[in-house]
């Protein structure tokens with residue numbers, strides 16, 4: 056049963072990338088600004104990631120297993136246009152995806168077929184269409200929303216995301232781009248409820264997988280609230 | 056060996072309380088606004104918390120054990136003025152702390168001695184002084200920064216916090232007051248590094264305890280970055 060999944064490495068204060076500098080808006084520039092490499096270091100050190108990139112070395116550990124698992128689970132990808140543009144040259148002739156990638160864009164373009172099973176199909180009629188096309192291409196495996204963060208937000212906001220895995224890196228950066236930010240456009244009495252389904256803890260990063268239960272009215276359970284702001288665990 | 060600790064329940068998007076409404080600034084109003092009870096429900100449902108409040112019922116489970124542990128570990132508390140003011144009446148003659156509480160305030164006031172071992176000492180010469188007085192009173196147990204969130208931020212910013220435990224509740228609220236927000240005043244090349252030391256996962260909340268290693272220059276390890284923005288686990 057195909058799920059639509061997304062995963063993102065975030066700092067403890069919720070940032071997946073450094074601040075976007077005024078006047079560029081380029082993902083790579085933002086990615087390379089302060090803090091980003093700190094947040095993704097556990098990935099770039101993982102052997103399972105380095106193998107896919109054709110890099111030597113790396114750690115074969117629980118973090119690497121998480122990366123390997125995510126590659127294995129994805130039968131197709133959905134990707135934002137900036138991420139696809141930024142990766143086109145460095146990914147080269149054999150990109151690490153080894154599966155069809157559907158790029159959400161406003162610019163029509165012929166499908167780009169690469170080696171190793173990766174292709175890039177440019178979808179101009181919106182996120183929901185890209186997710187549907189990816190679902191059809193996934194062969195029963197999952198549709199992974201590869202990024203960037205703003206696309207993950209769009210998919211979440213549209214109610215299309217079934218599973219979100221956050222890789223929470225124990226660093227506070229103080230500034231940057233947040234995955235879960237105000238542009239989710241939740242109403243004051245509305246929330247997105249999730250259920251943690253798996254937690255893997257390592258010294259470098261805490262991996263928490265959530266089933267997304269979707270938007271729901273906030274259930275305010277004030278049992279015990281008569282006691283006032285009493286708790287020290289609040 | 057006395058540690059200075061803090062813990063806070065936060066939504067997955069990092070909020071410990073609902074938005075503060077313009078024109079009041081009152082903690083209670085903020086606490087009661089949308090979302091707050093959702094974030095602290097696991098606490099108010101815990102038997103260990105309800106016992107301290109004199110309420111019947113509650114769940115005796117792993118979450119309750121976390122609450123009991125935190126009460127047991129604290130030999131003294133540091134508290135913000137708004138939290139202390141807001142609690143004074145509802146906490147009544149036997150507040151749940153059962154230990155000396157040092158309130159950071161600008162208004163001098165006589166120490167208030169309550170039943171059950173709780174006293175409130177009003178400290179007018181700053182956060183560091185309150186922490187020092189609490190340390191001297193803690194009898195070798197820990198100094199717990201009880202809240203509110205802005206006091207936790209102050210203690211963290213001042214480099215006085217040894218341990219931070221976040222209780223991450225699986226709900227996205229979209230707005231509110233964040234513990235880890237821009238007013239931490241980190242420089243662009245500076246971060247706060249932490250180390251996760253314990254993770255307890257339950258369906259209602261993920262408890263992550265961190266040792267705070269303090270402010271550090273950001274170490275940018277770009278090993279592998281030549282591959283570009285390749286990872287789907289980023």
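Protein chains in written order, with our numbering: chain A, 56 to 289; chain B, 56 to 289. Note that CB positions come from ideal geometry on N, CA and C, so glycine has one too. Values in this document were obtained by computation on a predicted structure and should not be read as measured data.
The C-alpha of residue 212/B lies about 46 angstroms from the C-alpha of residue 179/A. Think of a sphere of 7 angstroms around the beta carbon of residue 177/A: no beta carbon from chain B falls inside it, the nearest being about 18 angstroms out.
Along the region 205-217 of chain B, going in chain order, the ones with a CB nearer than 9 angstroms to a CB of chain A are 211. Close CB contacts of residue 104/B within its chain, under the 6 angstroms cut and outside five residues either way in sequence, are with 98, 122 (chain order). The Cβ of residue 120/A sits no closer than 7 angstroms to any Cβ of chain B. Residue pairing by DSSP places residue 63/A opposite 221/A in a beta bridge. Membership of residue 179/B in any beta strand (DSSP E) is not indicated, and neither H nor E is assigned to it by DSSP. For residue 229/A, at least one C-beta of chain B is nearer than 7 angstroms to its own C-beta. Contact between residue 207/B and residue 66/B does not hold, since their C-beta atoms are separated by about 16 angstroms, which reaches or exceeds 8 angstroms. Residue-level contact check: residue 116/B does not touch chain A, since none of the beta carbons of chain A fall below 7 angstroms from its beta carbon. Cβ-Cβ distances below 8 angstroms link residue 256/A to 262 in the same chain, with the five nearest sequence neighbours on each side left out; the list follows chain order. By the neighbour-count definition (other C-beta atoms within 10 Å, threshold 16), residue 151/B is a buried residue.
Residues of chain B whose Cβ lies closer than 9 angstroms to the Cβ of residue 256/A are, in chain order, 251, 253, 254, 256, 263. By the criterion of a C-beta distance shorter than 8 angstroms, residue 260/A is surrounded in its chain by 64, 97, 118, 222, 223, 224, 225, once the five residues flanking it on both sides are discounted.
Rounded to whole angstroms, the Cβ separation of residue 158/B and residue 139/B is 4 angstroms, and the two are in contact under 8 angstroms. Spanning the alpha carbons of residue 171/B and residue 153/B requires a straight line of approximately 5 angstroms. From the listed residues 189/B, 248/B, 175/B, 220/B, the smallest Cα separation to residue 214/B is found for 248/B. If you ignore the 5 residues before and after residue 93/B, its C-beta comes within less than 6 angstroms of the C-beta of 226, all in its own chain and listed in chain order. Residues of the same chain with a CB within less than 8 angstroms of the CB of residue 160/A, apart from the 5 flanking positions on each side, are 136, 139, 177, 178, 179 in chain order.
Under the three-pair Cβ rule at 8 angstroms, the region 239-254 of chain A counts as touching the region 228-245 of chain B. Within chain B, no residue has its CB atom less than 7 angstroms from the CB of residue 155/A, the nearest being about 13 angstroms off. For the region 188-199 of chain B, the beta-carbon criterion of a distance under 9 angstroms to any beta-carbon of chain A is satisfied by 199. With respect to chain B, the C-beta atom of residue 140/A has no partner C-beta closer than 7 angstroms. Contact between residue 131/B and residue 232/B does not hold, since their C-beta atoms are separated by about 25 angstroms, which reaches or exceeds 8 angstroms. Interface criterion not met: the Cβ of residue 186/B is under 7 angstroms from no Cβ in chain A.
For residue 182/B against residue 218/B, the beta-carbon gap comes to about 17 angstroms, at or over 8 angstroms, which does not count as contact. Close to residue 133/A, with beta-carbon spacing below 7 angstroms, lies no residue of chain B; the smallest spacing is near 10 angstroms.
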